[in-house]
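The block underneath contains the structure these notes are about, expressed in structure tokens.
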Amino acid sequence: MKPETNRYRRLMAALLTVVMIGPAAAFDLDSDTPIKVTADTARLDDGQGIATYTGAVELEQGNTRLTAERVVLYRTEDGLSRIEASGTPAIYRQPAREGEGETDARALNITWSATDSQLTFEREAVIEQNGNLFRGDVIHYDTVGRVVTAEGGADTGEGSGRVEMVIQPRSTDRQGSDGSSESQ
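Per mature numbering (1 follows the signal peptide of the UniProt record, and there is no 0), the sequence shown runs over residues -26 to -1, 1 to 158.
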């Protein structure tokens, strides 16, 4: 890979972090707000610390929501340590920073890990907020360092397999090709 391409990808990932994802992009284990789970079926293995939910699963903590066909929660002595969700797609939504709408993310697999403070969106991953879009085969988000990294996938004929990003301009006014100002 050319060094310019690698630098460009790192710059775009950093820009995406600032533009799209708010400061608390995950479930908050330090919150007093409980995580509520509803599903068609549930299986709890208390000895292993694993709860498996299937069928129209919904997790909610405050305004943060995760919906999927299957969700597995892993608990340790310290509490909830990992959430694995799968669906066609699984959907993650959370309020963004003040006045910036909601962050919508979807992927066939979504994993949240408390131990490494990371959200991972795998296979057909898309993150959207206010018209901004980030798409890749795998998107990792470090919720503490606020760093996004993305990987493209194989070219399946449906798209190029490359990471794609669309960033909307900050201003609603832009200059036309003739130099005049036009409103969007």
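Just so it is clear, CB atoms sit at the ideal spot from N, CA and C, and this is done for glycine as well.
Quick caveat: nothing in here was measured; it's all calculated off a predicted structure.
DSSP three-state assignment for residue i, whether helix, strand or coil
| i | result |
| --- | --- |
| Gly110 | strand |
| Ile141 | coil |
| Asn37 | coil |
| Val45 | strand |
| Ala30 | strand |
| Thr50 | strand |
| Asp19 | strand |
| Gln89 | Looking at the sequence shown, residue 89 is not Gln but Thr. Here Thr89 sits in coil by DSSP. |
| Val121 | strand |
Identified DSSP bridge partners for residue i
| i | result |
| --- | --- |
| Gln68 | Thr77 |
| Gln103 | Asn106 |
| Ile84 | Ala59, Phe95 |
Cα-Cα separation, residue i to residue j
| i | j | result |
| --- | --- | --- |
| Pro8 | Asp52 | 15 angstroms |
| Thr117 | Ile65 | 18 angstroms |
| Gln68 | Val100 | 14 angstroms |
| Ala59 | Asp78 | 15 angstroms |
| Ile24 | Thr50 | 9 angstroms |
Buried/exposed call for residue i, threshold 16 Cβ in 10 Å
| i | result |
| --- | --- |
| Leu93 | buried |
| Pro63 | buried |
| Thr12 | exposed |
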